[in-house]
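Line by line, the protein sequences give chains A, B and C. Numbering-wise, the first sequence is residues 40 to 602 according to my numbering. Numbering-wise, the second sequence is residues 790 to 890 according to my numbering. Numbering-wise, the third sequence is residues 549 to 663 according to my numbering. From the three backbone atoms N, C-alpha and C, an ideal C-beta is built for every residue, glycine too. Just so you know, these numbers come straight off a predicted model, no measurement behind them. First the structure, in the form of structure tokens, and then the observations on it.
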Amino acid sequence: MPAEQALTVLVAEDGAADRLLLAQIVRRQGHQVFTAENGEQAVALFIERRPQLVLLDALMPVMDGFEAARQIKTLAGEALVPIIFLTSLNEEEGLVRCLEAGGDDFMAKPYSAVILGAKIRAMDRLRRLQATVLEQRDQITRHHHHLLNEQRVAKAVFDKVAHSGCLAAPNIRYLQSPYALFNGDLMLAAFTPSGDMRVLLGDFTGHGLPAAVGAMPLAEVFYGMTAKGYGMAQVLREMNAKLKRILPVDMFCCALLLNLSMQRGSVEVWNGGMPDGYRLAVDGQVLSVLSSRHLPLGILDAERFDDSTEVLPLAPGERLLLLSDGVLDTADYQERLFGVQRLRRVLADNRDPVRLFDEVMQALERFGGRPRDDISLCDIRMFSAEERVPAPMIYSDSGRSSPLDWSLGFEVRGQSLNRFNPVPYLVQLLQEIHGLRARTGNLHSVLSELYSNALEHGVLGLDSQLKRDVQGFADYYQERARRLGVLTDGYVRIDFQVEPQADGGRLMIEVRDSGAGFDVQRVLSRPSLAQELSGRGLNLVRRLASSAHWSDGGRCAHVEFVW
Amino acid sequence: MAVETDFSQDGKKLTIKIKGRFDFGKHQEFRDAYERQPRRPDSVVVDLKDTTYLDSSALGMLLLLRDHAGGDDSDVRVVHASSDVRKILAISNFEKLFDIS
Amino acid sequence: MTDMHIDHKVLSDLREIMEDGYLQLVQTFLDDSEQRLDQLHAAKSAEELSSAAHSFKGSSSNMGAVVLASLCQQLEERAQRPPLYGIEDLISRIDLEFVEVQRFYRGEQQRISAG
Numbered sequence: 040m041p042a043e044q045a046l047t048v049l050v051a052e053d054g055a056a057d058r059l060l061l062a063q064i065v066r067r068q069g070h071q072v073f074t075a076e077n078g079e080q081a082v083a084l085f086i087e088r089r090p091q092l093v094l095l096d097a098l099m100p101v102m103d104g105f106e107a108a109r110q111i112k113t114l115a116g117e118a119l120v121p122i123i124f125l126t127s128l129n130e131e132e133g134l135v136r137c138l139e140a141g142g143d144d145f146m147a148k149p150y151s152a153v154i155l156g157a158k159i160r161a162m163d164r165l166r167r168l169q170a171t172v173l174e175q176r177d178q179i180t181r182h183h184h185h186l187l188n189e190q191r192v193a194k195a196v197f198d199k200v201a202h203s204g205c206l207a208a209p210n211i212r213y214l215q216s217p218y219a220l221f222n223g224d225l226m227l228a229a230f231t232p233s234g235d236m237r238v239l240l241g242d243f244t245g246h247g248l249p250a251a252v253g254a255m256p257l258a259e260v261f262y263g264m265t266a267k268g269y270g271m272a273q274v275l276r277e278m279n280a281k282l283k284r285i286l287p288v289d290m291f292c293c294a295l296l297l298n299l300s301m302q303r304g305s306v307e308v309w310n311g312g313m314p315d316g317y318r319l320a321v322d323g324q325v326l327s328v329l330s331s332r333h334l335p336l337g338i339l340d341a342e343r344f345d346d347s348t349e350v351l352p353l354a355p356g357e358r359l360l361l362l363s364d365g366v367l368d369t370a371d372y373q374e375r376l377f378g379v380q381r382l383r384r385v386l387a388d389n390r391d392p393v394r395l396f397d398e399v400m401q402a403l404e405r406f407g408g409r410p411r412d413d414i415s416l417c418d419i420r421m422f423s424a425e426e427r428v429p430a431p432m433i434y435s436d437s438g439r440s441s442p443l444d445w446s447l448g449f450e451v452r453g454q455s456l457n458r459f460n461p462v463p464y465l466v467q468l469l470q471e472i473h474g475l476r477a478r479t480g481n482l483h484s485v486l487s488e489l490y491s492n493a494l495e496h497g498v499l500g501l502d503s504q505l506k507r508d509v510q511g512f513a514d515y516y517q518e519r520a521r522r523l524g525v526l527t528d529g530y531v532r533i534d535f536q537v538e539p540q541a542d543g544g545r546l547m548i549e550v551r552d553s554g555a556g557f558d559v560q561r562v563l564s565r566p567s568l569a570q571e572l573s574g575r576g577l578n579l580v581r582r583l584a585s586s587a588h589w590s591d592g593g594r595c596a597h598v599e600f601v602w
Numbered sequence: 790m791a792v793e794t795d796f797s798q799d800g801k802k803l804t805i806k807i808k809g810r811f812d813f814g815k816h817q818e819f820r821d822a823y824e825r826q827p828r829r830p831d832s833v834v835v836d837l838k839d840t841t842y843l844d845s846s847a848l849g850m851l852l853l854l855r856d857h858a859g860g861d862d863s864d865v866r867v868v869h870a871s872s873d874v875r876k877i878l879a880i881s882n883f884e885k886l887f888d889i890s
Numbered sequence: 549m550t551d552m553h554i555d556h557k558v559l560s561d562l563r564e565i566m567e568d569g570y571l572q573l574v575q576t577f578l579d580d581s582e583q584r585l586d587q588l589h590a591a592k593s594a595e596e597l598s599s600a601a602h603s604f605k606g607s608s609s610n611m612g613a614v615v616l617a618s619l620c621q622q623l624e625e626r627a628q629r630p631p632l633y634g635i636e637d638l639i640s641r642i643d644l645e646f647v648e649v650q651r652f653y654r655g656e657q658q659r660i661s662a663g
């Protein structure tokens with residue numbers, strides 16, 4: 040009778056006749072048999088032939104079955120080599136000894152071929168089960184190492200993409216797990232050419248590589264556009280469109296995007312799906328809450344996407360605290376969540392802003408929560424002028440051909456003023472002038488300032504005196520959006536003229552608007568601080584350019600850069 | 790079953806009920822609930838009365854459902870959400886896409 | 549032929565299982581058994597006696613010598629309960645029973661070698 044699977048079997052039995060009989064029974068069942076007379080021989084044969092199954096007489100001379108079993112089990116290691124004890128011991132004690140020595144089953148004398156066959160088949164099933172488990176375990180281990188390596192590579196690539204950030208700026212303090220990328224948590228920061236600081240806190244759905252993969256294109260858009268000076272609305276639209284295009288329907292990215300402008304003493308905020316951020320006074324008191332008002336990125340198509348932002352005042356020394364939902368979702372052993380209330384209490388109890396981070400982390404630890412891998416915290420202090428860092432300059436050419444004799448007129452009219460900001464494109468163009476490349480930041484600041492003056496005070500007729508307090512800021516920007524929305528006439532025109540001059544050259548910029556103009560002398564004579572925060576930043580412009588003056592009743596600004 | 794489906798008498802409204810945690814573990818069942826129907830319903834109601842918890846993968850599943858039901862032309866309602874669940878839906882501003890009550 | 553000394557079901561199984569090895573088995577058993585009897589007689593302690601009886605029980609039961617096996621079982625148990633009165637008698641009965649078993653199996657050998 041052929042066996043289901045032929046095994047190699049070791050038979051160790053000291054009685055010669057019994058040994059003969061048993062070996063024959065097992066052989067007839069289709070297996071390959073070799074025999075031993077005592078325990079010592081049995082162990083030696085096991086080492087030499089590595090049988091898959093062992094039939095062991097309990098009482099043998101030289102080394103008995105119990106000791107042989109113990110040694111064989113040790114030699115077998117992780118693999119299961121079933122041992123069937125041959126015994127006429129029928130006292131419980133004897134049978135217990137067999138089990139304790141590592142025996143898996145017993146056979147009594149007289150031997151029954153039928154019963155032995157059944158036992159061998161049963162033991163073989165167990166043996167194969169163990170072998171399968173070990174093989175699968177090894178496979179899983181291999182795959183795990185493979186996955187870890189893939190993640191390492193992904194992270195290395197991502198770090199290269201994200202390297203141009205300014206998270207190390209002196210006014211930012213942050214905390215992020217090294218696994219953040221693979222939890223979908225993202226933290227990016229960069230300066231615009233005019234010195235505004237832009238920060239993005241993001242949280243992709245999912246975990247592992249799927250969550251990490253969306254972070255790279257997003258980071259490229261963020262860094263690329265921020266370095267070129269694009270406004271928040273434009274960056275948001277581009278990020279949303281990109282994610283909508285590349286992510287599957289059920290994936291999206293919650294995001295909180297901020298733009299800190301020291302020039303304007305304000306922070307512009309867009310929050311789509313992230314937990315509340317907090318605007319804190321110098322003494323740590325909560326001044327306002329940056330709540331989620333939008334759907335996360337990557338869900339809506341371009342027509343429906345809402346890029347409207349909130350603008351709040353932010354004076355030097357005031358701070359913003361941002362966090363990912365890993366903080367609030369930290370759970371204790373009873374599955375209770377840390378939650379907003381506890382966080383607000385930590386904020387309220389905080390006396391020394393420098394210690395706020397530590398106090399939040401300590402509160403999380405005390406809460407007894409299991410530490411999570413997706414806790415991200417960011418504390419940003421409104422910076423002072425000295426802390427600004429010039430943005431890295433992005434050149435697309437080798438720097439050898441520089442047009443020095445040209446002019447350009449660019450006019451934006453009516454509703455185009457609502458959706459289109461020409462400043463980034465024009466600054467790009469000006470980068471063709473090599474002599475001015477070192478002052479790209481200043482160029483951007485000046486052009487932005489002149490353009491926003493022309494648009495907001497000129498065409499829209501807004502009064503910046505409104506921007507006195509939080510409500511005032513909100514009202515101002517609401518009114519700005521409203522007026523832009525219904526605008527039909529009006530224009531802002533920008534003219535460039537470039538001429539060579541001795542070893543260098545001269546750039547003349549004119550910015551004209553269709554508004555009512557203003558009393559230039561009166562504004563220029565106001566104390567400079569008052570002027571900069573809610574005025575037309577005229578002194579700033581004069582400081583950054585080589586020269587500046589206004590004509591046509593304030594409707595036309597003339598600025599020169601000489602190199 | 791943790792995900793139950795029910796068709797209205799006229800076959801035009803499909804109700805999907807989620808019991809317990811609405812998370813990634815329910816992914817296949819939830820998809821089967823609306824994909825494996827013989828007819829496409831005119832409207833879909835997601836009943837969260839017995840839903841104890843909702844995470845971002847559940848939000849993703851709702852987006853998939855909405856896309857399957859016609860995207861911007863779909864009629865998907867989310868009903869009987871507990872206050873905890875509503876908070877989660879509110880942070881992501883999902884009421885801009887779904888009728889939530 | 550019915551025989552009190554040998555269980556014929558076991559016997560026929562043995563013949564079937566062993567095939568051409570049947571004769572070798574029988575010879576091995578007979579040689580082995582003589583050794584075991586010597587061990588029985590030479591045993592110096594109750595333990596040795598019990599152990600030898602145990603082994604002989606095993607091999608005789610495998611060969612279908614049920615009465616022999618039963619006697620060995622009794623000896624094994626008796627030897628564990630000192631004082632060992634009557635043990636000599638038991639051993640003699642084992643000797644006698646073996647003579648019968650031996651006679652039977654020699655008969656088997658002759659039968660098979662002849663036919």
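Buried or exposed by the 16-neighbour rule on C-beta atoms within 10 Å, applied to residue i
i                 : result
Tyr653 of chain C : buried
Glu567 of chain C : exposed
Ala251 of chain A : buried
Met40 of chain A  : Reliability of the predicted coordinates at Met40 of chain A is poor, the pLDDT of 44 falling under 50, and the value obtained from them is presented with this limitation in mind. So Met40 of chain A counts as exposed.
Phe819 of chain B : buried
Phe512 of chain A : buried
Arg284 of chain A : exposed
Thr636 of chain A : In the structure as shown, chain A begins at 40 and stops at 602. Residue 636 of chain A is therefore absent and cannot be evaluated.
Ser573 of chain A : Its pLDDT being 47, under 50, Ser573 of chain A is placed unreliably in this model, and the value from its coordinates should be taken loosely. Classification of Ser573 of chain A: buried, given that the 10 Å Cβ count is 16 or more.
Leu456 of chain A : buried
Asp591 of chain A : exposed
Asn188 of chain A : exposed
Val65 of chain A  : buried
Gln798 of chain B : exposed
Residue i vs residue j beta-carbon contact at 8 Å
i                 : j                 : result
Gln622 of chain C : Leu638 of chain C : yes
Tyr464 of chain A : Leu386 of chain A : no
Arg303 of chain A : Thr265 of chain A : no
Ile548 of chain A : Val598 of chain A : yes
Gly524 of chain A : Asn882 of chain B : no
Tyr530 of chain A : Ser564 of chain A : no
Glu87 of chain A  : Val101 of chain A : no
Glu204 of chain A : Ala170 of chain A : Before going on, a small fix: residue 204 of chain A reads as Gly here, not Glu. No; because the gap between Cβ atoms is not below 8 Å, this pair is not in contact.
Ala424 of chain A : Val485 of chain A : no
Range of the contiguous alpha helix (DSSP H) that encloses residue i
i                 : result
Ile877 of chain B : 872 to 880
Leu168 of chain A : 152 to 200
Gly543 of chain A : Where Gly543 of chain A is concerned, there is no enclosing alpha helix (DSSP H), although the beta strand (DSSP E) it sits in stretches over 543 to 552.
Arg563 of chain C : 556 to 566
Gln467 of chain A : 462 to 469
Limits of the unbroken beta strand (DSSP E) element including residue i
i                 : result
Leu803 of chain B : 802 to 807
Ala75 of chain A  : 71 to 75
Whole-number beta carbon distance between residue j and residue i, since they are thought to touch under 8 Å
i                 : j                 : result
Leu119 of chain A : Ala81 of chain A  : No, Leu119 of chain A and Ala81 of chain A are not in contact; Cβ-Cβ is about 18 Å, not under 8 Å.
Gln467 of chain A : Lys267 of chain A : 6 Å
Gln572 of chain C : Leu94 of chain A  : Not confirmed; about 20 Å, so no contact.
Arg855 of chain B : Ser863 of chain B : 5 Å
Asn298 of chain A : Met271 of chain A : 5 Å
Met419 of chain A : Arg358 of chain A : Checking the sequence shown, residue 419 of chain A turns out to be Ile, not Met. Confirmed, Cβ separation roughly 6 Å.
Arg594 of chain A : Arg561 of chain A : Their Cβ separation, rounded to whole angstroms, is 15 Å, which puts Arg594 of chain A and Arg561 of chain A out of contact at 8 Å.
Residues that DSSP places opposite residue i in a beta bridge
i                 : result
Gln623 of chain C : Residue identity check: residue 623 of chain C is Leu in the sequence provided, not Gln. Leu623 of chain C is not bridged to any residue.
Ser300 of chain A : A:Ser305
Cys417 of chain A : A:Tyr213, A:Leu361
Arg318 of chain A : A:Ser327, A:Leu359
Phe377 of chain A : Beta-bridge pairing links Phe377 of chain A to no other residue.
Arg810 of chain B : B:Tyr842
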